[in-house]
Amino acid sequence: MELHQRIVSAPVDFGAIRSEFGLTSAYPAEATAEARDAVDAFAGARVDRTDIPFVTIDPPGALDLDQALHLERTDTGFLLHYAIADLGAVVVPDGALAAEAGTRGQTFYLPDTTVPLHPPVLSENSASLLPDQTRPAALWTIELDHDAEPVRYSVERALVRSRARLDYAGVQADADAGRLPPSIAALPEFGTRRIAAGLERGAIELRLPAQSVIRDEGADGHWRLVLEPRTDVDDWNEQVSLLAGMCAARIMLNGGDEGSGERVGLLRTMPPPPDSAIASIRRTAAALGVAWPADQPVGRMLAGLDPSTPATLVLMSEATGLLRGAAYTVLDGTDQASDNLRHSAIGAPYAHVTAPLRRLVDRFTSEICLAHCAGTPVPEWVRAGLSATADTMKRSDGVANKIERACIDLTESTLLSQRIGAEFDAVVVREGNGNRPAEIFIADPPLLGPCEGSPPEGATVRVRLESADPVTRKVVFTYLSGSE
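For the sequence shown, our numbering assigns the number 41 to the initial residue and increments by one for each residue that follows.
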């Protein structure tokens, strides 16, 4: 079964989901006024790095540009300059804007609208790293060796100026043609070496295609489901962000870049997968005929799979069970045990620091790193707000996941509501048990759904659509026995 689909669309109304989760794009007037009048209170203390030809890489049409990068090959390895929008410079800690952002936690994305963490006048204008605009930034400078391992790193407040707004598809095309802009010409080599380093650390990367709901430009008000495979540029660019997050975590755990202060911070952590989960995926791999040497880490096995096969889809789907228990862990100055502070999927301690326009926690973690690198005390408003920020992020992450799932479920059930009784080819991603039905993948339209009966895991089978209800947002298939 090939993992592709034809274009199928239907009118979908996401208004009920916004109502269900109480989402509103409107911002309180006082907070909006603060965002409109925000000024850079640290302008006099900034280093001017507008000489660096930064570029941004974002989805087409994005205006909330958090990161700009410049990466070059040097005689000793690589030099990365990574500029992050400086929200701490413009958000008054005890103001109405900070209070509203503290309630929202993050930007919520629906197919037809965005519910922003900050008013667009700030996040899509004055604080965004838009091209040809001088902006305040938290500027990371990271020197790396030939293996792309960090040797020295620090962050400081700076003025920067992006030269171009690039998108993933365009950068991938340029990479394939060997014509990347000079600012990111070293990105393929850097990204490849960082991915290899991650596998050495025991990192686990799930290369599942992203299921997305997008507007059908050929039919007004219609939406369709698409699969968006990860590209090399997705992976390379992700490594830049992960590197900054790992350097930030080291600064927090060291109490500063020289290791001289107390450990204050907010890490993104994940416990190692239990042995039972590893054993389960080993059994699945054996049943599917996938070779997996006994001494090979699970991350390396997954990285070596052919992304186009049903077996890979099954194993990658089951491997999501390895990545459980993600949390936000506060460093409060006490001597926490280091074995509880790693992120198992990354294989190292890690902190969110690269998306402050869209995620609350990054404003706090950036301030901590800036203070540590400058040798100044961590601001009291940051220390006092860490626990509440961790709680807000946990809650808002849960809401964001539910919103994404609800939008996909609504689109799936709407697209299929006129096809009751139709038969489909499907890959059995997970066999059923007494507590839950089997899970199947269908390529047209692309979806994961429950299937009654007992289809064998990993097999390509024939299924029939029994129900699809846009009100409950549920679909149910039945396995046609003997069709594999």
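Virtual Cβ for every residue (Gly too), placed ideally from N, Cα, C. Note that this is a predicted model, so its numbers are computed, not measured.
For Thr181, the closest alpha carbon among the candidates Gly493, Gly472, Cys287 and Ser384 is that of Cys287. Shown here, His412 sits in a helix according to DSSP, grouped into three states. Nearest in C-alpha terms to Ile482, of all of Gly474, Ala69, Cys491 and Arg382, is Cys491.
The three-state secondary structure of Gly305, taken from DSSP, is strand. For Pro51, the uninterrupted beta strand (DSSP E) run begins and ends at Ser49 to Pro51, by DSSP.
Scanning its chain for C-beta atoms nearer than 7 Å, with the 5 sequence neighbours on each side dropped, one finds around Gly128 the residues Arg403, Ser406 and Glu407, in chain order.
Where Gln107 is concerned, there is no enclosing alpha helix (DSSP H), although the beta strand (DSSP E) around it starts and stops at Gln107 to Arg113. Approximately 4 Å separates the beta-carbon atoms of Gly373 and Glu302; this is inside 8 Å, confirming the contact. For Gln146, DSSP records a beta bridge to Arg399. Closest by C-alpha distance to Glu257, out of Ala50, Val469 and Pro486, is Ala50. For Thr454, the three-state secondary structure derived from DSSP is helix.
DSSP places Trp332 in the coil class of the three-state scheme, outside both helix and strand.
DSSP lists Trp180 as the beta-bridge partner residues of Val195. Inter-segment contact for the region 278–286 and the region 381–395 is present: three or more beta-carbon pairs are separated by less than 8 Å. With respect to His110, Ser223 sits close: the two C-beta atoms are nearer than 9 Å.
A residue is called buried once 16 or more other Cβ atoms fall within 10 Å of its Cβ, and Asn277 is buried on that count. Around the C-beta of Gly474, fewer than 16 other C-beta atoms lie within 10 Å, and the residue is accordingly described as exposed.
In the three-state scheme derived from DSSP, where H, G and I count as helix and E and B as strand, Tyr208 is classed as helix. Ranked by Cα distance from Ile244, the options Ala250, Ala177, Thr352 and Ala343 are led by Ala343.
Counting only residues of its own chain and dropping the five nearest sequence neighbours on each side, Gly142 has a CB closer than 8 Å to the CB of Leu400, Gly425, Ala428, Thr429 and Thr432. Straight-line spacing of the CA atoms in Gly461 and Ala331 works out to 38 Å. Restricting attention to Pro151, Pro269, Arg76 and Ala71, the CA atom closest to the CA of Ala138 is found in Ala71. With respect to the 9 Å criterion, Arg513 and Asp437 are not classified as neighbours on the basis of their beta carbons. Its Cα nearest to that of Pro159, the residue Val131 stands out among Ala177, Pro337, Val131 and Thr174. By the Cβ neighbour-count rule, Gln173 is exposed, with fewer than 16 other Cβ atoms within 10 Å of its own. Under the three-state reduction of DSSP output, Gln279 falls in the helix class. The shortest CA-to-CA distance from Val468 to any of Phe54, Ile480, Ser457 and Arg476 is the one to Ile480. With respect to the 9 Å criterion, Met310 and Gly365 are classified as neighbours on the basis of their beta carbons. Looking at the DSSP output, Lys434 bridges to nothing.
The closest CA to that of Leu355, considering only Pro333, Arg340, Thr324 and Asp335, is found on Thr324. Cβ atoms of Val200 and Leu179 come within 8 Å of each other, at about 6 Å. Around the beta carbon of Ala466, a 10 Å sphere encloses 16 or more other beta carbons of the protein chains shown; the residue is thus reported as buried. The C-alpha of Glu196 is placed about 17 Å away from the C-alpha of Ala167. In this structure, the straight-line span from the alpha carbon of His262 to that of Gly55 is close to 14 Å.
If you check the CB distance, Thr369 and Arg308 come in under 9 Å.
The continuous stretches of beta strand (DSSP E) do not include Ser320, which lies in the alpha helix (DSSP H) extending over residues Asp315 to Ala327.
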